[in-house]
Each structure stands twice: as C-alpha cells, then as structure tokens.
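Structure record follows, encoded as structure tokens.
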Amino acid sequence: MSEIHFLNIDLEIESFIDISPIIEEWGERICVFRNEKVDGIFYGSFETSCSGVEGIIDEYVSLVNGLSQSSRDIWEKAQKRDFDFGYESGTDPNNFHSRIESESVQKLASLGGSIVITIYPVSSA
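Numbering follows the numbering used here, in which position 40 of the sequence shown is assigned residue number 60; successive positions increment by one, without gaps.
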C-alpha cells in the first residue's frame, strides 16, 4: 500500500520575452528544471528547496516580490505563471484532503499566478 501525499509546488512560466533575467536574479534559491525557447516561446520550470505548502508559497512570494523592476516587468508580461501543486496518488487513505488556506491563495493571486493541481501515479519500485 502507498499513501497519497503532497510532493511539491513547481512554478511554470511561459513568455514571449526571455525569462533569463528572472532566473539570474533568483540564483541558487531555485532549482531550474527547464529554461528554453521553443517556437518563439520561453519556457521555465522551477522549484524551491523549501518544504510544506505554506513555506514554499512564502518563498515564491519572496522571490517574485524581490525582483528588480525590469525582471518584474518580464514576470508581469508572461502568458503563464502557474503554481503547480504536485501530489502522488496512492491506495491509502480512502480519501485525502489537502487544505490550502485562503491567505495562501490570495498570495499567489497577488503575483498574477494560477493554481494547478497535478496528481502523479504511484511510483513503481
């Protein structure tokens, strides 16, 4: 049996403007999974080293609010700013609840972000 559980919150960005300045400013505070340009669109995928829903959200808020004006303009002009909450599915418990407080939702909304939920299948060992 495997337990359903929260994994992490990834940040996914899509932009017609190069997002490299944002990544450079964030430096080692983020792990970069993707930073590439495909067919004229810049794609970025990131996560923090923080743990817990609230801690991760607070780190993303700090990262975005700490951007220089020029990088914040790039952030604001991005077509997609998704905060992707990842969960691994499982067989236990029968149902699973993960509460995201309204304050946290407001924090992400204030950044112009959307919330995405991704459920991953159980890892095969």
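In this text, a Cβ means the ideal position worked out from N, Cα and C, and glycines have one as well. Keep in mind that this is a model prediction, so the values were computed, not measured.
Asked	Found
How about I33 and K127: do their beta carbons lie closer than 8 Å?	no
Under 8 Å, do S118 and Y107 count as touching if we go by C-beta distance?	yes
Let me know the secondary structure DSSP gives G47 once reduced to three states.	helix
Which partner residues does K57 have in the DSSP bridge list?	F62
When you compare only the Cα positions, how much space is there between I39 and W95?	8 Å
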